[in-house]
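Remarks on the structure that follows.
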């Protein structure tokens, strides 16, 4: 998560997966605590898994979903705000699906940007590779021609 470009992308993928899974489970009337336990098992990130476990405990004590993730290292404030808005309007599943859509589009945009910025680098690398292959073929031929002229 601390790698400059890939960390941001990994966080977006994690938040998207988290929101999508919660949205789907809550839409199908799975209880919130059961949903979070399932999502905690789906999420393959130790820190976020611990945050989800802590949130489950806080929810059991009576806190709302948005406030139970208050000190989250993974979830941005925008996500917590949208969850809170979903709680107020009693539309958490729809809000989580909307969050997942937002983060999916951000992931797509980030991947497109990364691949577009890597294209010039790949062209240079391919040029160097082709130049090296040409040099490895031409230098021995040039040396052979020089030796034949000296005979």
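Residue numbers (UniProt numbering): 1 to 151. Glycine is no exception: its CB is placed at the ideal position from the N, C-alpha and C atoms.
Does DSSP classify residue i as helix, strand or coil?
| i | result |
| --- | --- |
| residue 29 | coil |
| residue 131 | helix |
| residue 39 | helix |
| residue 104 | helix |
| residue 87 | helix |
| residue 61 | coil |
| residue 203 | The chain is shown only over 1 to 151; residue 203 falls outside these bounds and no answer can be derived. |
| residue 137 | helix |
| residue 76 | coil |
| residue 23 | helix |
| residue 52 | helix |
| residue 123 | helix |
| residue 71 | coil |
| residue 151 | coil |
Need the endpoints of the alpha helix (DSSP H) that residue i sits in, please.
| i | result |
| --- | --- |
| residue 66 | 65 to 68 |
What is the C-beta distance between residue i and residue j, in whole angstroms, given that I count them as a contact (C-beta under 8 Å)?
| i | j | result |
| --- | --- | --- |
| residue 75 | residue 56 | Actually they are not in contact, since the Cβ atoms of residue 75 and residue 56 sit about 15 Å apart, beyond 8 Å. |
| residue 59 | residue 83 | With a Cβ gap of about 12 Å, residue 59 and residue 83 do not count as contacting. |
Between the stretch 94 to 110 and the stretch 48 to 56, can you find at least three pairs of beta-carbon atoms closer than 8 Å? Contact fails: fewer than three Cβ-Cβ distances are below 8 Å.
Pair every Cβ in the stretch 123 to 132 with every Cβ in the stretch 102 to 112, then say whether three or more of these pairs are closer than 8 Å. No, because fewer than three Cβ pairs between the stretch 123 to 132 and the stretch 102 to 112 fall closer than 8 Å, the two stretches do not touch.
Segment contact flag, the stretch 85 to 92 with the stretch 7 to 18, C-beta cutoff 8 Å, min 3 pairs: No, the stretch 85 to 92 is not in contact with the stretch 7 to 18.
Counting pairs of Cβ atoms below 8 Å between the stretch 38 to 48 and the stretch 15 to 23, do you hit three or more? A contact exists between the stretch 38 to 48 and the stretch 15 to 23.
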